[in-house]
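Undergrad:
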Amino acid sequence: MNTYNPNKVESKWQQAWAENNQYRTETKDSSKENYYVLEMFPYPSGKIHMGHVRNYSIGDVVARFKKMEGYNVLHPMGWDSFGLPAENAAIKHGIHPHKWTMENIEDMKGQLKLLGLSYDWDREIATSTPEYYKMTQEIFLKFLEHGLAYKKKSFVNWCPSCETVLANEQVVQGQCDRCDSVVIKKDLEQWYFKTTHYAEELLNDLDELDGWPDKVKTMQKNWIGKSVGAEITFDIEGMDKSVTVFTTRPDTVYGVSYMVLAPEHELVKELVKGTEYEADVDAFISKMHTMTEIERTSTETEKEGMFIGKYVINPLSGKKVPLWIANYVLADYGTGAVMAVPAHDERDEEFAGKYNLDVIKVIDEDNKMINSEEFNGLEVEKGFEGIVSKIEEMKIGKRTVNYRLRDWLLSRQRYWGCPIPVVYCDDCGIVPVKQEDLPVLLPTDVEFTGKGESPLTTSKKFMTTSCPKCGKEARREVDTMDTFVDSSWYFLRYIDNKNESEPFKKELVNKWMPVDQYIGGVEHAIMHLLYSRFFVKAFNDMGMLDFKEPFKNLLTQGMVLKEGTKMSKSKGNVVSPLEIIDEYGADTARLFVLFAAPPERDLDWSEQGVEGCFRFLNRVYRLVDELSDIVKSNYEIGELSKEDKAMRYTIHTTLKKVTEDLSNKFGFNTAISALMELINEMYKYKELENRNEGVIKEGIETIVTILAPFTPHIGEELWDMIGKDGSVFDIKWPNYDETALVKDEVEIVVQINGKVRGKLSIASNINKDEMERLAIEDEKIKALVDGKTIVKVVAVPKKLVNIVVK
Ligand code: ANZ
Ligand code: ZN
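Counting from 1, one number per residue, gives the positions in the sequence shown under full-length UniProt numbering.
(1) Classify Gly70 as buried or exposed, calling it buried when 16 or more other Cβ atoms lie within 10 Å of its own Cβ.
(2) Any idea what DSSP makes of Arg412, helix, strand or coil?
(3) Grab me the residues of Lys320's own chain with a C-beta within less than 8 angstroms of its C-beta, minus the 5 sequence neighbours each way, in chain order.
(4) What are the start and end residues of the alpha helix (DSSP H) that includes Val9?
(5) Would you kindly work out how many angstroms separate the C-alpha atoms of Leu603 and Arg590, rounded to a whole number?
(6) In chain order, which alpha helix (DSSP H) runs of at least 4 residues are fully inside the UniProt domain "Methionyl/Leucyl tRNA synthetase" (37-184)?
(7) Which residue comes first and which comes last in the alpha helix (DSSP H) that contains Tyr621?
(8) Determine, using beta carbons only, whether Ile679 and Arg619 come nearer to each other than 8 angstroms.
(9) Compute the Euclidean distance between the alpha carbons of Leu357 and Lys303, then round it to the nearest angstrom.
(10) Beta carbon of Ile58, beta carbon of Leu112: below 8 angstroms?
(11) Identify, in the order they occur along the chain, each residue of the same chain with its Cβ nearer than 6 angstroms to the Cβ of Gly383, setting aside the five sequence neighbours on each side.
(12) Would you kindly report the start and end of the unbroken beta strand (DSSP E) that includes Thr247?
(13) Identify whether Ile342 lies in helix, strand or coil by the three-state DSSP scheme.
(14) Could you check if Met544 belongs to the surroundings of the ligand ANZ, using beta carbon to heavy atom distance under 7 angstroms?
(15) Using only the heavy atoms of the ligand ANZ, determine whether one of them is closer than 7 angstroms to the beta carbon of Arg533.
(16) Measuring only from the beta carbon, is Leu594 closer than 7 angstroms to any heavy atom that is part of the ligand ANZ?
(17) Consider the C-beta atom of residue 892 and the heavy atoms of the ligand ANZ; say whether any pair is separated by less than 7 angstroms.
(18) Please tell me whether, using a cut-off of 7 angstroms, the distance from the CB of Arg249 to the nearest non-hydrogen atom of the ligand ANZ is below it.
(19) Just how far apart, CA to CA, sit Ala283 and Ser81?
(20) Just to confirm, does Thr252 get its C-beta within under 7 angstroms of one of the non-hydrogen atoms of the ligand ANZ?
(21) Can you tell which of Gln751, Glu636, Gly609, Leu578 has the C-alpha that lies nearest to the C-alpha of Gly110?
(22) Is it a yes or a no for the region 683-698 touching the region 762-771, going by three-plus beta-carbon pairs under 8 angstroms?
(23) Ordered along the chain, which non-local residues of its own chain (more than five positions away) have a Cβ less than 7 angstroms from that of Asp445?
(24) Of the choices Asn72, Val53, Arg412, Asp122, whose alpha-carbon is the least far from that of Glu19?
(25) Closer than 7 angstroms: is that where the CB of Leu555 sits relative to any heavy atom of the ligand ANZ?
(26) Taking buried to mean at least 16 other C-beta atoms within 10 Å of its own C-beta, is Asn634 buried or exposed?
(27) For the alpha helix (DSSP H) containing Val678, list its first residue and its last residue.
(28) What residue from Tyr328, Ala352, Leu316 has the CA that sits closest to Pro322's CA?
(29) To the nearest angstrom, how far is it from the Cα of Asn371 to the Cα of Gly377?
(30) Closer than 6 angstroms by C-beta to His713: which residues in its own chain qualify, once you throw out the five before and the five after it? Chain order, please.
(31) Compute the beta-carbon to beta-carbon distance between Leu741 and Thr653, rounded to the nearest angstrom, for a pair I have assumed lies under 8 angstroms.
(32) Just to confirm, are Leu718 and Phe668 a CB contact at a threshold of 8 angstroms?
(33) Rank Lys665, Tyr119, Asn690, Leu203 by C-alpha distance to the C-alpha of Thr556 and give the top, closest one.
(34) How long is the line joining the alpha carbons of Pro213 and Leu554, rounded to whole angstroms?
(35) Using a 10 Å radius around the Cβ and a threshold of 16 neighbouring Cβ atoms, would you call Ser501 buried or exposed?
(36) In three-state DSSP terms, what is Gln22?
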């Protein structure tokens with residue numbers, strides 16, 4: 001008798017897989033149908049955590065199952081290896097970010113290998129390598145050439161602690177999503193990608209993503225934030241100037257009682273210059289800069305503002321209303337100006353209440369317009385149309401659509417990122433680096449002070465170069481790209497990771513994309529997924545590929561909790577995957593995370609749960625070990641007894657269930673629990689004196705095959721123990737036997753007027769009519785009913801037939 005030794009089993013098979021290049025995928029091969037399964041690549045922090053174990057175990061089951069189903073499966077892994085932690089390590093410990101990163105990658109790769117994941121390591125990429133970032137730079141230049149990258153000066157989100165700008169998406173409730181410092185606004189010249197160019201497509205194409213969770217689509221929809229409305233221009237009284245507002249409610253235009261400009265609106269300074277309002281307005285603007293967008297617009301923040309001494313004329317009513325500035329109006333949304341309608345807008349109502357401004361009701365309780373001259377009596381929808389037509393006729397405005405989505409600010413004042421490949425020349429301005437001079441390499445002679453501008457400014461050699469156009473001395477761009485740029489196209493690079501001449505070959509990515517199954521955390525619901533969608537749409541327009549969405553199906557897995565709270569260092573409740581692997585083996589760790597909860601849900605870590613999984617694998621091992629000689633022999637199924645049929649029924653219903661749970665949905669937990677049932681049944685069955693060795697053989701072969709994707713090491717070991725050659729993952733996923741799915745005979749009771757009068761053994765899948773007929777025609781029952789009138793017959797499938805007689 002052998003005993004299950006996970007560590008021995010696991011290292012043995014990991015070695016065998018590596019030696020046989022078991023998981024190598026040839027992307028140019030077209031003999032089979034392709035299937036691309038991808039898990040979000042990690043930041044190489046140096047240590048895997050339970051979230052990784054869960055994410056990658058899910059992906060691995062999908063990859064192995066699809067491979068056994070006969071697909072050519074692409075299942076790659078890599079590293080999102082630019083980013084702040086490496087730079088902080090450099091500042092703190094004096095290790096170069098490159099060295100720190102590569103060491104972490106080696107460590108983490110070793111840890112991932114311990115999990116027995118079926119990655120094709122030949123396709124590994126790391127975004128911080130010159131081979132990769134050369135291509136990121138090439139892509140940047142393509143965007144620049146097509147007008148999708150541009151430089152602009154504006155107020156940007158600035159994290160005073162990270163000393164870098166942040167994209168809107170990186171500001172969470174007014175705080176830096178990395179370090180939680182309060183984000184302030186700074187006036188800087190920065191690089192942007194024109195994500196807004198695709199706002200409409202990014203929104204509309206969500207409808208086609210049937211394989212995405214609704215919650216993620218809703219989050220993206222809200223982030224894009226489409227508003228349909230109109231722009232209306234109001235003249236400023238006594239001046240040759242006007243202000244244009246954006247409103248979603250043109251039907252309320254007769255209710256405007258004042259107008260508000262964002263404090264940063266370009267007109268404000270001009271309008272107050274030299275007036276008694278100037279000093280107060282300046283002070284107010286300065287104060288606004290210390291506040292975040294969220295603080296300014298939060299419903300909890302008190303509305304604050306001031307009159308700036310001017311009036312505007314309502315172009316429809318001719319009414320003169322005062323012009324104000326206020327904290328609740330943002331400079332970069334719409335036109336940065338609002339026509340205030342306190343009767344119908346809550347924010348305006350609060351503001352008007354505080355400053356005693358007029359409230360004019362223009363919509364009544366029946367949703368009809370009032371106090372609106374010729375428009376009185378119209379429903380608001382009709383009113384909307386009517387007013388918009390009128391202002392378009394008067395040429396003082398037009399129908400417009402606004403998006404909350406902003407262009408993507410990609411400049412970062414950091415070292416450990418992809419250098420932006422442009423040069424500044426006094427004569428030629430912004431000049432792209434020539435393609436043949438790529439990559440613009442990160443210099444190694446920099447100082448990591450953690451203060452001020454990009455560390456790249458400390459390398460004189462890097463800073464000074466010659467203009468690619470005129471050859472005169474020029475200065476390099478010292479900012480690097482947001483690391484989300486790197487991860488917006490990595491899924492394409494895996495397909496063609498050795499390509500030295502271009503980021504990826506069009507024909508190849510067309511063959512493999514979109515990713516059939518993408519798996520990752522819901523924390524990426526907005527940024528990473530939106531940016532990747534934007535990249536693919538831009539690539540499509542630039543003719544680099546022929547599809548419009550990167551990810552066909554998306555699974556966002558839940559978190560791994562301990563006693564209901566997220567595992568975190570600060571809470572001290574982190575369970576280390578390495579310790580679990582050491583104690584129980586990777587197969588147990590995998591089985592636990594797959595079994596403990598459906599993948600989309602949060603999973604609560606439980607030591608008993610882990611032990612239960614370990615005991616289960618031991619049970620399977622002992623069962624297979626004990627019966628392995630039978631499996632190795634040539635037993636046929638032959639004649640079947642009732643018990644044999646029942647056993648085959650369980651084997652094949654389990655096979656059917658596991659197949660369905662893996663094909664249509666991510667029913668890993670239910671599939672595993674069906675397998676556990678099957679093991680229990682096999683334990684009972686093997687004790688029967690008249691057990692059928694053919695059924696035993698069939699049962700064990702099925703168990704070993706369909707358990708393998710979940711727990712691959714023990715899968716291979718058991719496959720070997722039952723005398724099979726090669727890898728269990730090279731065989732075809734078994735088909736269930738339809739005929740075995742019929743639970744053959746059942747015993748039913750026959751009653752006459754509610755009293756039991758006989759028993760019948762009938763086929764279990766027989767319908768009610770058939771049951772009634774068999775009962776009535778039974779010799780014994782026939783005799784009892786003889787001479788009486790049958791009034792009614794009631795049949796309960798698989799249980800009884802009651803005959804009512806008179
Ligand atoms: C008049 C009005 C009357 C409005 C009413 C609303 C209700 P969404 O849906 O988010 O697009 N607005 C416009 N630009 C703004 C800015 N830069 N900062 C703050 N608020 C701004 O919101 C559009 C509405 O928000 C616009 O329609 C405008 O107020 C305000 F009963 O105009 B409304
Ligand atoms: Zn020049």
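Using N, Cα and C, we set each Cβ at its ideal position, and we do this for glycine too.
In this text the structure is predicted, and so the values were computed from the model without any measurement.
TA: In brief:
(1) exposed
(2) It is a strand residue.
(3) Glu237, Tyr311, Val312, Ile313, Asn314
(4) 6-19
(5) Roughly 13 angstroms separates the two Cα atoms.
(6) 50-68, 84-93, 97-114, 130-145
(7) 607-632
(8) yes
(9) 13 angstroms
(10) no
(11) Asp251, Met369, Phe375
(12) For Thr247, the enclosing beta strand (DSSP E) starts and ends at 242-247.
(13) As written in the sequence, residue 342 is Pro, which differs from the Ile given in the question. Coil.
(14) no
(15) Distances from the CB of Arg533 to the heavy atoms of the ligand ANZ are all 7 angstroms or more.
(16) Checking the Cβ of Leu594 against the ligand ANZ gives no.
(17) With the chain covering only 1 through 806, there is no way to say anything about residue 892.
(18) yes
(19) 44 angstroms
(20) yes
(21) Distances from the alpha-carbon of Gly110 to those of Gln751, Glu636, Gly609, Leu578 put Leu578 closest.
(22) In short, these stretches do not touch, since the Cβ pair count stays below three.
(23) Ser459, Lys461
(24) Asp122
(25) no
(26) exposed
(27) First, the residue type needs correcting, since residue 678 is Leu and not Val in the sequence shown. Residues 668-686.
(28) Ala352
(29) 9 angstroms
(30) Val9, Glu10, Trp13, Gly116, Asp587
(31) 6 angstroms
(32) no
(33) Lys665
(34) Distance between the alpha carbons of Pro213 and Leu554 is about 7 angstroms.
(35) exposed
(36) coil
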